[in-house]
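Student: Under this note's numbering, the sequence shown has 323 at position 93, and the numbering climbs by one with no breaks.
Cβ atoms here follow ideal geometry from the backbone N, Cα and C, with glycine treated the same way.
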Amino acid sequence: METLILPPALHAGDRVVILSPSSKIDCHFLQGAAERLRSWGLEPVMAPHAESACGTYAGTVDERLADLQGAMDDPDVRAILCSRGGYGAVHLLERLDFTRLARSPKWLIGFSDITALHAAWQRAGFASLHAPMARHLTVEPADDEATRALHDLLMGTTPGGKAPAIACTPHRLNRQGTAEGTLRGGNLSVFYGLRGTPWDFPAEGTLLFLEDVGERPHAVERMLYNLRLGGVLQRLAGLIVGQFTEYEENLSLGKPLYDALADVLDGCTCPVCFDFPVGHVTRNLPLICGAHARLEVGSAEVKLTFDQETKI
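#1: In its own chain, which residues sit with a C-beta less than 7 Å from the C-beta of Val369, not counting the 5 before and 5 after it?
#2: State the DSSP-derived secondary structure class of Ala397, mapped to helix, strand or coil.
#3: Just how far apart, CA to CA, sit Met231 and Ala433?
#4: Any idea what DSSP makes of Val494, helix, strand or coil?
#5: Going by other Cβ atoms of all chains shown within 10 Å of its Cβ, with 16 needed for buried, is Asp496 buried or exposed?
#6: Using the Cα positions of Gly468 and Gln299, report the straight-line distance between them to the nearest angstrom.
#7: Quick check on Gln352: does DSSP put it in helix, strand or coil?
#8: Whole angstroms is fine: what's the gap from Glu476's alpha carbon to Asp505's?
#9: Here's a check: name, in chain order, each residue in its chain whose Cβ is nearer than 8 Å to the Cβ of Arg333, leaving out the five neighbours to either side.
#10: Which full runs of the alpha helix (DSSP H) of 4+ residues lie inside the stretch 303-390, going along the chain?
#11: Along the alpha helix (DSSP H) that carries Cys257, what are the first and last residues, could you check?
#12: Output yes or no for whether 7 Å exceeds the beta carbon distance between Leu487 and Ile396.
#13: Put Met231 into one of helix, strand or coil per three-state DSSP.
#14: Just list the residues that DSSP pairs Asn417 with in beta bridges.
#15: Thinking just about the alpha-carbon of each residue, which of Asn456, Ala357 and Cys503 is nearest to the one in Gly517?
#16: I'd like the span of the alpha helix (DSSP H) that includes Glu281, first residue to last.
#17: Checking the sheet assignment: what are the DSSP bridge partners for Phe536?
#18: If distances are taken between C-alpha atoms only, which option among Glu281, Phe474, Ala364 and Ile248 comes closest to His273?
#19: Just to confirm, does Leu483 get its C-beta within under 6 Å of one of the non-hydrogen atoms of the ligand GDP?
#20: Using the beta-carbon count (16 or more within 10 Å), is His448 buried or exposed?
#21: Do you know offhand how far Pro389's Cα is from Leu383's?
#22: Under 8 Å Cβ to Cβ from Ser529, same chain only, skipping five residues before and after it: list those, please.
#23: Is the beta carbon of Gly416 less than 7 Å from the beta carbon of Leu234?
#24: Does the separation of the CB atoms of Ala309 and Trp337 fall below 7 Å?
#25: May I ask you to list the residues that DSSP assigns as paired with Thr412?
#26: Leaving aside the five residues before and after Val511 along the sequence, list all residues of the same chain whose C-beta is less than 8 Å from its C-beta, in chain order.
#27: Is Glu531 helix, strand or coil by DSSP?
#28: Three or more beta-carbon pairs under 8 Å between the stretch 247-264 and the stretch 312-327, yes or no?
#29: Using C-beta distances below 7 Å, list every residue in its chain close to Tyr422, excluding the 5 sequence neighbours before and after it, in chain order.
#30: So which of Val420, Trp429 and Leu331 has the shortest CA-CA distance to Glu445?
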């Protein structure tokens, strides 16, 4: 198994930088996220350009890069909370330097377009958290399941300091079985855009999870066909199909989206689960990207368990 660098647990008073590496964001959500972090005893620090705007982006490429690289390099920063996704993180990939991050590892937190940064983190050998961002931390209550899970993972307050298993009810399209591997993935459109680049993921030994928002069904099917025709699906250890939301289910594919995706998976032999709690939904449970995990797809329950080696 490849060595994975996991950041240490956070403690009261630790600094967390809030920054915007992709699209611009309403400052209301930035302030809400800061208030939530303070309620956990942490010290939120707003990056210089977190509230900036350049077209649809949260500042120019240089501004967004400076915020992210600065947070990565600062030994006093213990975590980086990305404010939102949207589009723009891909602009930063070629220019990121992980040298100083290796001296003071810290969590990268986010999802959606932040999938591109997760890919960069894993390429460099660091774990990261596919987890809720500023809007969720602002609008959801303190006892929200995903919010509590994020808090517990960051602060190391889970039982034994180990990431808890994530369970969900079985889906009629599931393919039962058990698999172990490295958890990778995120937003389908984003990692599809990284196919064939140095930030692409290796298929062998990967438990791939995917989700998306606002994509037309035929576009989702086309991207999954790319993974099939490229031989990726056939080499995966396991596949986790999360939430696909905010699209018109007009049966343009002749059947519901999940059914159409199940057809694309015909011939693949790895365990597959559908309707996993990850995506642009309230129950978007934190996942440790890059961690070794075990996927159990059974008749009564689906369970994703993180290996003891992911202990924080």
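Tutor: Checking against the coordinates, here is how it stands:
#1: Start at 1 with the first residue of the sequence shown, and residue 369 comes out as number 139. Excluding five sequence positions before and after Val369, none of the CB atoms of its chain fall closer than 7 Å to its own CB.
#2: Taking the first residue of the sequence shown as position 1, residue 397 is located at position 167. Strand, per DSSP.
#3: Numbered from its first residue, the sequence shown carries residue 231 at position 1. Numbered from its first residue, the sequence shown carries residue 433 at position 203. Residue confidence is low: Met231 scores 43 on pLDDT, short of 50, so the model does not pin down where it sits. Its coordinate-derived value is still stated next. So the two alpha carbons sit approximately 15 Å from each other.
#4: Here residue 494 is taken as the residue at index 264 of the sequence shown, counted from 1. DSSP places Val494 within a helical segment (H, G or I) once states are collapsed to three.
#5: Along the sequence shown, one-based indexing puts residue 496 at 266. By the 10 Å Cβ count, Asp496 comes out exposed.
#6: In the sequence shown, the residue the question calls residue 468 occupies position 238. In the sequence shown, the residue the question calls residue 299 occupies position 69. Answer to the nearest angstrom: the Cα atoms are 33 Å apart.
#7: Here residue 352 refers to the residue found at position 122 when the sequence shown is read from its first residue. DSSP places Gln352 in helix when its eight states are reduced to three.
#8: Walking along the sequence shown from the start, residue 476 turns up at place 246. Walking along the sequence shown from the start, residue 505 turns up at place 275. The C-alpha of Glu476 lies about 15 Å from the C-alpha of Asp505.
#9: What you label residue 333 is simply residue 103 of the sequence shown in a count that begins at 1. Here the set comprises Pro305.
#10: Counting only runs of 4 or more, we get 345-353, 364-369 and 375-385.
#11: Position 27 of the sequence shown holds residue 257. Unbroken alpha helix (DSSP H) run through Cys257: Cys257 to Ser269.
#12: Residue mapping note: residue 487 aligns to position 257 of the sequence shown, counting from 1. Residue mapping note: residue 396 aligns to position 166 of the sequence shown, counting from 1. Between Leu487 and Ile396, the C-beta spacing is not below 7 Å.
#13: Taking the first residue of the sequence shown as position 1, residue 231 is located at position 1. With a pLDDT of 43 at Met231, under the threshold of 50, the predicted position of this residue should be treated as unreliable, and no value is reported.
#14: Position 187 of the sequence shown, counted from the first residue, corresponds to residue 417. Asn417 is bridged to Glu441.
#15: As a working note, residue 517 is residue 287 in the sequence shown. It is Leu, not Gly, that sits at residue 517 in the sequence shown. Ranking the options by Cα distance to Leu517, first place goes to Ala357.
#16: Residue numbering aside, residue 281 sits at position 51 when the sequence shown is read from its first letter. Here Glu281 belongs to no alpha helix (DSSP H), and DSSP marks it neither H nor E.
#17: The residue given as residue 536 occupies position 306 in the sequence shown. Partner residues in the beta bridge of Phe536, as assigned by DSSP, are Ala523.
#18: What you label residue 273 is simply residue 43 of the sequence shown in a count that begins at 1. In the sequence as presented, His is not what sits at residue 273; that position holds Glu. It is Ile248 whose Cα lies nearest to the Cα of Glu273.
#19: You won't find the ligand GDP in this model; it holds no ligand whatsoever.
#20: Position 218 of the sequence shown, counted from the first residue, corresponds to residue 448. By the Cβ-count criterion, His448 is exposed, with fewer than 16 other Cβ atoms from all chains shown falling within 10 Å of its own Cβ.
#21: In the sequence shown, residue 389 corresponds to position 159, counting from 1. In the sequence shown, residue 383 corresponds to position 153, counting from 1. Rounded to whole angstroms, Pro389 to Leu383 spans 10 Å at the Cα level.
#22: Taking the sequence shown and counting its residues from 1, one reaches residue 529 at position 299. So the list reads Pro400 and Gln406, once near-sequence residues are dropped.
#23: Residue mapping note: residue 416 aligns to position 186 of the sequence shown, counting from 1. Residue mapping note: residue 234 aligns to position 4 of the sequence shown, counting from 1. Contact: no.
#24: Numbered from 1 along the sequence shown, position 79 holds the residue referred to as residue 309. Numbered from 1 along the sequence shown, position 107 holds the residue referred to as residue 337. Cβ atoms of Ala309 and Trp337: closer than 7 Å.
#25: Counted from its first residue, the sequence shown places residue 412 at position 182. Answer is Thr436 and His522, bridged to Thr412.
#26: The residue labelled residue 511 in the question sits at position 281 within the sequence shown. Result list for Val511: Gln473 and Thr475, in chain order.
#27: Taking the first residue of the sequence shown as 1, we reach residue 531 at position 301. Coil at Glu531, not helix or strand.
#28: Result yes; three or more Cβ-Cβ pairs closer than 8 Å.
#29: Within the sequence shown, numbered from 1, the residue matching residue 422 stands at position 192. These residues qualify, in order along the chain: Met453 and Asn456.
#30: Taking the sequence shown and counting its residues from 1, the one referred to as residue 445 is at position 215. Among Val420, Trp429 and Leu331, the Cα nearest to that of Glu445 is on Val420.
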